[in-house]
Structure formats: C-alpha cells, structure tokens
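Read through the structure below, which is laid out as structure tokens, and then see the notes.
Protein chains: 2
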Amino acid sequence: MSVGIRHDDLRRRNRAMVISAVRRDGQPSRTEIAATTGLSHSTISAISSDLIGECVLMEARGETTSLKRGRPQVALALNPDAAVVAAVVLSLNFLSAAIIDYTGHVVAEEHRRLDTQHMGREDLIQQCIDIVGQGLDRLQLSGRRVLRIALAVQGITDAQARILLWTPITPHTDIPFADLLEARFGIPVIVENDCNMMAEALRWRNPERYREDFIAILLSHGIGMGMILKGELFTGTHSSGGEFGHMIHKPDGARCRCGRRGCVEAYAGNYAIWRNAHGLAESSEPAANIVDDDMQALAALAREGDGPEREAYRTAGEALGFGLGSLFALIDPAPVAVVGIGAAAFDLIEPSLRAAIARTAGGQHSGSISFDTEPDERPLIREGCAMRALTFVDQEIFAPGSQPQESSRQAAAI
Amino acid sequence: MSVGIRHDDLRRRNRAMVISAVRRDGQPSRTEIAATTGLSHSTISAISSDLIGECVLMEARGETTSLKRGRPQVALALNPDAAVVAAVVLSLNFLSAAIIDYTGHVVAEEHRRLDTQHMGREDLIQQCIDIVGQGLDRLQLSGRRVLRIALAVQGITDAQARILLWTPITPHTDIPFADLLEARFGIPVIVENDCNMMAEALRWRNPERYREDFIAILLSHGIGMGMILKGELFTGTHSSGGEFGHMIHKPDGARCRCGRRGCVEAYAGNYAIWRNAHGLAESSEPAANIVDDDMQALAALAREGDGPEREAYRTAGEALGFGLGSLFALIDPAPVAVVGIGAAAFDLIEPSLRAAIARTAGGQHSGSISFDTEPDERPLIREGCAMRALTFVDQEIFAPGSQPQESSRQAAAI
DNA sequence: CTCTTTTTTTCGAGCCTCAAAAAAAATCAT
DNA sequence: ATGATTTTTTTTGAGGCTCGAAAAAAAGAG
C-alpha cells in the first residue's frame, strides 16, 4: 500500500540525492551534480548551500589547475566531521570494531580474538558491547559523537536488521543485538549479514564492474552469498536471505554443518573439501574449524598432482557450478566475485565449476560469466559495514520532516 | 544513477496513486483515498476533480443506504470507457485475444487452436497479428480505441518485455513481438511471461493472501514460475527470469525438454510424470504433448493403488520439494499457489513435496508453508495480462510531463 | 585592462500540498 | 418540519519547492 508523496518529501529526497552524488562521485562540482541528477542548477545551488551551512558538505578548494577558461568549478566534498559511525564485525573467533568518519576513513580500530563457539551467550554479547564502548570512549576525548552502529555478522539476521537469528559461530540463537546495543548506547543499530556487506563494499570499490546486478560468494568454512539485483541488496522475505550455501546440490547427499544433507556447502565449504581430500565419509561430522594455513597446504597438494586433494576441489567446483546454475536459472547470469580463502584456490575450482554451469540453464552464456577473486574477506566486510552505516546517516541527516536542521546541526556543532 | 525528483513529478505520481487506489480498493471515497495514501483531503479533492474532468474516474452514485450520520461519502470508480486494452495469450497450440475495458471487464474475446510446434515463424507471427486485428476491427465499430496490447506467452522474454527469446511452444527463437505488433498497429505492446502474469492476477484476485511475497508455480507440460517479492514482480537481470523448472534437481539426471539434464521439470513436468509412470528410461525423449485427459487418467490410476503411477507423482513431488527448498534458501518461505493441471493431482504430489522441503533449509518452517491450488491456468493468465496492460495505461494517462490532458482527453472524447 | 567563457547565485513565476475554514448533504431530535 | 449535529467535500490562503532567465562571480585570452 504505497503512500503518496508529500510536498516536503521533495526537498528531503533531493537533498539525499545531492549527498549521495557527492559520496559516489568523489568531489563533483555543482554543475556536475546538476547534470547527473537532472535537477536544475538553481536547485542544486540552493540545496548545496544549505548542506554547506549545516556542515554536511564543504567546498574542497584544492588548487585545481583548471585548464579551461571561465569560472572554475568548485568541488564539493563530504565534511569528515559531519558524523562518525561504528562498524563492528563479528565472525568465527574474531571480533573487530572500527570508528569511521563521514568520508569513510578509519579513525580508530580494535581487534579481539574470541572463542565464539564455546562462549556463553551473555559473554558474547558483553564482548560486543565492550568493544563498541571502547571505541566510543576513545572518541569521547576527541569530542565527536557516533551517530550509527552497524554490526556485520556471519549468519542469518531478520529482514529488519535487528536480530541475529542464527549463526554458525555460536550455538546461541535469536540474539537481539540491535536492541541490546541501542539500550546500552542510545545510538541506532543495524545488524547485517556479512556477505551482504561484502556485496555492498564491492559496489563502492568497483562500481564499473559491480553496478546493477552482481553476486558475491564467500568461500570459507561455510559458503555465504550477498547479491545485488537491480541496484538493490537482495534479502529474503523474513531474513537476510540469500543462503546460497544451503541450496540443495544432491538430495540426501553429504552431511552439512547445518544438520541437513546435500547442501552446496557440504561439498564446497572448507570442511567439506577437507573431508573429501582426506577420504572421510560424506556422512562424517564436519570439522569445527580449519585454519587458513591448512587449507593453503591442501591447495598446494592439489596443485602438485592428481589425487584426492585435487578431486576434492573438483567436487567443490561442481557443487558450486550446479548451485550457480540453479541460481542463474532464477536470476540470469551476473558477474560473480569469489571472496575468502577459497578464492585463493579458485584455479583448482574454476574448471569443474564452469563445466557444471555449462550443463545448466544458466550455462547458455557460460563463457561470458566472469569471476573475480578476492582472498581476504575481512576488509571487504568492514568497508561494506561502514558504507552501510554512512549511507544510513546520509538519509537521516535530512531527517523525517520535522527538524531536519536539528540533528545535523548537532553533528555540525561538534 | 538515480535521478532527482522534479516538481512536476509530484502531481504525476500522486495522480497515479489516486488511480491505483481506486483500481485496488473498488469504489473508495475521497476520504478513504486520503487515508490510504496519506495525502491531505484538499489534494485528493483537487486530483480526483481533475481526473473526473478528464473522464478517467467517475462518481459512482449508487444508492448506498448509509447507516451513518453526516454527509454521505461518494464513491469514486474507474470510468469503463476511459480506455480499452488488448490481452493476448499465446500458449501451446492455443492463441486467444480479449478486449478489456478500463474497469477490467471483457468486451470481446476470440480463441484459436493452432499447431504451434510445427508452424512457420511468419505464420505464427501472422496469426498473432490477425487475432489482434480482428479484435480491433470489432472495436472500431463501437468507436473505442485500444491504448495498450499485452501479450502473455509461455517461455522466456527479455527484461524489457519486448522480445520472446525462447519458448517451448515453437522451435523459433527471438521473435520481437513488441516491435512487430507496434509496427502493425501503432499501439504500445509488452510481451510477458505467462507465469509472471499468473502471479499478477493472483494478487488482484486475492490480495489478502497474495500480497507482498508469494510464488505461483505452473504444473503443466513444463514447470513455470512467477514470483512477487517485496510487492514487485521478480524478473531476471536480462530476461523474464524465474525459471524454477530449470533449477537443477539431480546433477546429470533425467533428460529435460530443454535439452539439459536433471532439471526439476525433468521430474515434475507432465512428460516426466508420464515417462516415469510408464517405466520409460529417464534418458528417453520427452513427449511432445500430453492432453489433460490423459494426465487425469494417470492421476486416477495413481489414486487407485500403489504402483508406478503413484511413484511417478511421488518423484515429481520430491523434485518440486527440493527445488522449492533451494528457492526458499534464497528468498525464505512464502505462500505458494499451485496452478495448472498438476494442481488437480496435488493430493498425490503434496506428501513427498512436503517431506522433501522438510529436509532443506527452507524446511525450518515447513509446516507453516501453505499451498493453494488452481487447476485452470488460462483465466489467470488472461486476467494478469489484462491487469498488466491496464496498470500501464493508469501510468500513461498522466503522461510524461508535457501534455497529460491530451492523451486522456482523446480517450475521454471517444 | 577589457573581452570571453564558464560556473554559481539570485529573482520572480508557476505549481503543488497543506491546514483551516466554509460549504454541502445527510441524519437525529424535538 | 425545522434546527442541531455529524461527516464529507470544496474552497481559500499560505508556504515551499523547482525552474528558467538574468545577474554576478571568477577565471583565462588577447
């Protein structure tokens, strides 16, 4: 039941558009913004003048040796001090938090190793609260206030990005992180799936390649996916969705970490490759964790010669290929980014993956499907998390109707 | 690169909102529209007064015995003569066209049996042009003009809804129906996948059940799917997408009509059930067509006792269940409508389907997943097609900025 | 120093939405 | 019947927003 457009929405949306144009295009001039948004020069002038007055934007008077004649364009830039956000990443045995300024630069950072699989529920929650608190404390000194906290976590969140419903990193379920952190710090919080944040980050890193439609697949202990379709992050109807790793590859097949059988992950996750490479039964219990070095060693063995190791990677590629084929049957092929330790062994996976895709509906253009690899997922997740938090701030600074100046003036006053 | 909101967009969008509110809610009063859209009474009053002046809407002065005190609400209704559209449905060996008035009522209808599988490309195109021409001719007499043609067809279209890329009903591919029909009739044309139109129709028929997220599955000779996610028709990045029937059930499994192996359809399409029921090899060639009566007879046999027929339906259910499980892994569970002749045998399919789903990631809430059945797909497809054409008209009557009155006045003048 | 070019700001006109007031159209009570 | 009451719809005036045109600003070119 869509709602009518109120008169004041107009300004709000166009303000958002100007801010996002500045965030996206680096340092555009007013004229460039007018061109990309299709709004008139007068409108852009008025809006950017407001935003500068509110200390959201600033004129970047860099000494641009303009080769052109005429009045030189003045570049607009985000004001780094307009806001600060916190990006928290929780993954297997690892917790990190970063404080990010409005331009996306890291102000402070903190890492901790945890035994997430065996920690108590309260302990895990407390650790997250602590690490955020520590970041905030350090900021307190500089006088800036955090306006938004984004928590990226391996696992399934609800569609409202408030609750961690399920995660492989701890047996505890339904942890309402958003409520817990909001109660503690009084700052709006969102909880997002890590792979969704990877996709978000890829779009910022390489908008040429990752624009309207693409897929980011995490090959790690488990298999995760983040997907952007028609320019929007794809989520499930109730949860963060996109559980590519738990699509069924072979009905009643190998045992998956999730307790079911035949999932793609049960053939292509680290533990599955490990299990197959060591000749263990497909029904045997998945290993709890395998360190990256061991996986690297496995890949090295597979590269040395044909044997069970190479076969394990071949099997993984096949599972991924058929899974992608099924996915492409639904959404059509799109560029794929392969992220995580598995990307370091993508040379071993790719041949059987492509062969499998070619045997599916998505394989009609299998030659044109392109894969990019990025072995380290952590920076991606943190970047995506930060950008997610920042774009939320972008849309909150020009506030819900009533006092758009108030909230931003507070930020500006700092 | 989203574009700013111009000042004149505002009116245009709010007009669209009012029209869609009237189409959706039957005969709402101005007050009700103000409530559902969130716009003020004055705005609704102004817009509806315009629309009535342009003969798009009309006041429905039905003798409503208002029980309430106060000035009675006057219901607004669509003006049936505001526009007329054509809904054309092309399926296996069957072509139909209907002329629909602005309220969605059928004005004229025409059916033809064709041998689509063996017709020449030009012949097939000519038949479609003919049947539309015939409908238009008949209308010419009544003086009304068709403003939009929508063609629903089994198969894959491009994302722009202009070209039939591939279809099982004829070996010919890449037929640019939209261009062909537009060239002939000078009326805007869209070409849509039949299952997408089924989904569209279900939303109009039963908005209570089919609202934001649901799936319509066609069980027929092949397997088709239309899906609405977050209130929007889900399409692929390049094509109409949603080729559920060609998700992989068993890698390198049974032979599918599409030439590949192991697709869901190769286990659950009519030809697959037939093949399994008759003990034919999974690698044997799919039958070209099986009449509904034969399928009904097969279902009757299956109901009589345990045998190869019942087993064939069991296998079909299992393929559908694992397929839905994989789908639900991506999008989370949602209500499902089972449409087509297969829905008449859903009692035979459901047990194994549910058992399979329960063994997948989507099966977490398998008990709460609900299925509706509707054995006759044709009326649904026609309805969806009509509504699709009409909603396009809804959004074209308040035109692209310049002369919104012109086009609608033409319609009104008729 | 003046002319040209390009960017940015200013200004007035034209719409649009909104809130409040007024008008309209019915029922209820006497 | 008639006036009071209630509810819906229209009218009116104010305030905002965007736009195009004109003016101002800020450079290089000659």
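First to last, the protein sequences are chains F and R. For the first sequence, my numbering gives the first residue as 601, with consecutive numbering after it. For the second sequence, my numbering gives the first residue as 601, with consecutive numbering after it. Note that the Cβ used here is the ideal one computed from N, Cα and C, for glycine as well.
Min CB distance residue i to chain R below 8 Å
{"i": "F/Gln1005", "result": "Summary for F/Gln1005: the model assigns pLDDT 34, below 50, so the residue's position carries little reliability, and this model does not support an answer."}
{"i": "F/Arg721", "result": "no"}
{"i": "F/Ala961", "result": "yes"}
{"i": "F/Ile848", "result": "yes"}
{"i": "F/Gly841", "result": "yes"}
{"i": "F/Phe971", "result": "no"}
{"i": "F/Met798", "result": "no"}
{"i": "F/Ile1014", "result": "Annotation note: pLDDT 25 at F/Ile1014 (below 50); position unreliable, coordinate value reported separately. Not one chain R Cβ lies under 8 Å of F/Ile1014."}
{"i": "F/Ala929", "result": "yes"}
{"i": "F/Met617", "result": "yes"}
{"i": "F/Ile605", "result": "yes"}
{"i": "F/Gly826", "result": "no"}
Residue i, enclosing beta strand (DSSP E) - first and last residue
{"i": "F/Ala937", "result": "Val936 to Val939"}
{"i": "R/Asp701", "result": "Phe694 to Asp701"}
{"i": "F/Asp972", "result": "Phe971 to Glu974"}
{"i": "F/Gly826", "result": "Ile823 to Leu829"}
{"i": "R/Asn793", "result": "Val789 to Asn793"}
{"i": "F/Met719", "result": "It is not in any beta strand (DSSP E) - F/Met719 carries neither H nor E in the DSSP assignment."}
Cβ of residue i within 8 Å of any chain F Cβ
{"i": "R/Asp614", "result": "Looking at the sequence shown, residue 614 of chain R is not Asp but Asn. Interface residue, yes."}
{"i": "R/Asp813", "result": "yes"}
{"i": "R/Lys668", "result": "no"}
{"i": "R/Thr991", "result": "no"}
{"i": "R/Cys858", "result": "yes"}
{"i": "R/Arg762", "result": "no"}
{"i": "R/Leu818", "result": "no"}
{"i": "R/Asp932", "result": "yes"}
{"i": "R/Leu639", "result": "yes"}
{"i": "R/Thr631", "result": "no"}
{"i": "R/Thr837", "result": "yes"}
{"i": "R/Ser648", "result": "no"}
{"i": "R/Phe922", "result": "yes"}
Residue j beta carbon less than 8 Å from that of residue i
{"i": "F/Asn679", "j": "F/Val656", "result": "yes"}
{"i": "F/Asp994", "j": "F/Ile619", "result": "yes"}
{"i": "R/Thr773", "j": "R/Leu765", "result": "yes"}
{"i": "R/Ser975", "j": "R/Ala943", "result": "Reading off the sequence shown, one finds Pro at residue 975 of chain R, where the question assumed Ser. Yes. Within cutoff."}
{"i": "R/Asn793", "j": "R/Gly822", "result": "no"}
{"i": "R/Leu880", "j": "F/Thr837", "result": "no"}
{"i": "R/Ile873", "j": "R/Phe844", "result": "no"}
{"i": "F/Ala929", "j": "F/Ala961", "result": "yes"}
{"i": "R/Val864", "j": "R/His878", "result": "no"}
{"i": "F/Gly917", "j": "F/Pro886", "result": "no"}
{"i": "F/Val939", "j": "F/Met798", "result": "yes"}
{"i": "R/Val674", "j": "R/Ala752", "result": "no"}
Delimiting residues of the alpha helix (DSSP H) encompassing residue i
{"i": "F/Leu781", "result": "Phe777 to Phe785"}
{"i": "R/Asn614", "result": "His607 to Asp625"}
{"i": "F/Thr631", "result": "Arg630 to Thr637"}
{"i": "R/Asn870", "result": "Asn870 to Ala877"}
Chain-order list of residues whose beta-carbon lies under 7 Å from that of residue i (same chain, five-residue window excluded)
{"i": "R/Pro851", "result": "Gly862"}
{"i": "F/Ala854", "result": "Arg861, Gly862, Ala866, Tyr867, Ala872 and Glu882"}
{"i": "R/Ile647", "result": "Asn614, Arg615 and Val618"}
{"i": "R/Leu610", "result": "none"}
Residue i CB to nearest heavy atom of the ligand SAH below 7 Å
{"i": "R/Gly786", "result": "This structure does not include the ligand SAH; it has no bound ligands of any sort."}
Contacts around residue i, its chain only, beta-carbon distance under 8 Å, and the 5 residues preceding and following it disregarded
{"i": "F/Thr637", "result": "Asn614, Met617, Val618, Ala621 and Ile644"}
{"i": "F/Asn693", "result": "Arg713, Leu714, Asp715, Thr716, Gln717, Ile769 and Asn889"}
Close-in-space but distant-in-sequence residues of the same chain around residue i (CB under 6 Å, 5 per side omitted)
{"i": "F/Ala750", "result": "Ala687, Ile790, Cys985, Arg988 and Ala989"}
{"i": "R/Leu924", "result": "Ile957"}
{"i": "F/Arg803", "result": "Tyr810"}
Straight-line gap, residue i to residue j (C-alpha atoms, nearest Å)
{"i": "R/Ala888", "j": "R/Arg784", "result": "32 Å"}
{"i": "F/Arg959", "j": "F/Arg978", "result": "33 Å"}
{"i": "F/Asp681", "j": "F/Tyr702", "result": "6 Å"}
{"i": "F/Gly704", "j": "F/Asn796", "result": "18 Å"}
{"i": "R/Ile787", "j": "R/Ile775", "result": "18 Å"}
{"i": "R/Glu659", "j": "R/Arg744", "result": "21 Å"}
{"i": "F/Arg630", "j": "F/Arg669", "result": "17 Å"}
{"i": "F/Glu983", "j": "F/Asn806", "result": "13 Å"}
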